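Participant:
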Amino acid sequence: MMGKRILIIGAGPAGLGAGMALKGLDYRDWDIYEKEDHPGGLAASFRDSEGFTWDLGGHVLFSRDPFFLELFERIMEGEYFEHQREAWIWRRGRWIPYPFQNNIRYLPRRE
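Each residue of the sequence shown is one higher than the one before, counting from 4 in my numbering.
1) Report yes if the CB atom of A47 is closer than 8 Å to the CB atom of L59, and no otherwise.
2) For the alpha helix (DSSP H) holding I78, just list the boundary residues, first then last.
3) Okay, do the stretch 32-42 and the stretch 15-24 touch, 3+ Cβ pairs below 8 Å being the bar?
4) For the alpha helix (DSSP H) holding L117, just list the boundary residues, first then last.
5) Could you pull the start and end residues of the alpha helix (DSSP H) that P111 belongs to?
6) Among the residues of its own chain, which have a CB less than 8 Å from the CB of N105, if the five just before and after it don't count?
7) Under DSSP, the alpha helix (DSSP H) around P102 begins and ends at which residues?
8) Output the distance between the C-alpha atoms of P100 and A90, rounded to the nearest integer angstrom.
9) Which first and last residues belong to the alpha helix (DSSP H) in which L25 is found?
10) Who are the near neighbours of F49 in its chain, counting only those whose CB is closer than 8 Å to its CB and skipping five residues on each side?
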């Protein structure tokens with residue numbers, strides 16, 4: 004791969020992560036292109052002229068992967084809010100922890 008120029012399209016979480024990975028490999032021949040005037044993609048927020056902050060998309064991270072979490076912390080430099088929540092979904096006569104897709108093991112086997 005050395006000697007090849009790499010272009011990353013979009014400065015959302017995936018694009019920023021790719022750039023950080025290349026930087027970590029000491030690879031220097033790459034650029035990130037973003038059509039907006041700020042990074043973040045759908046994980047960005049902006050403040051309007053009235054002072055209200057608006058989120059462009061869902062900013063929810065469910066990862067427990069140590070590499071990802073350390074990378075996220077380095078990129079964000081503490082500029083985020085963390086909220087621990089406990090949520091449940093009532094399904095087929097039992098409570099299933101949220102997020103549902105990560106906890107289908109609690110459903111009856113035939114489901």
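Positions of the beta carbon are idealized from the N, C-alpha and C atoms, including for glycine. Remember, predicted model here, so these are calculated numbers, not experimental data.
Facilitator: So, from the data block:
1) Cβ distance < 8 Å, so A47 and L59 count as in contact.
2) 69-79
3) yes
4) Lying before the first or after the last residue shown, residue 117 is absent from the chain, which here runs from 4 to 114.
5) The continuous stretches of alpha helix (DSSP H) do not include P111, and DSSP gives it neither H nor E.
6) F65
7) Counting along the chain, no alpha helix (DSSP H) covers P102, and no H or E run does either.
8) 6 Å
9) 16-27
10) H41, T56, W57, L59
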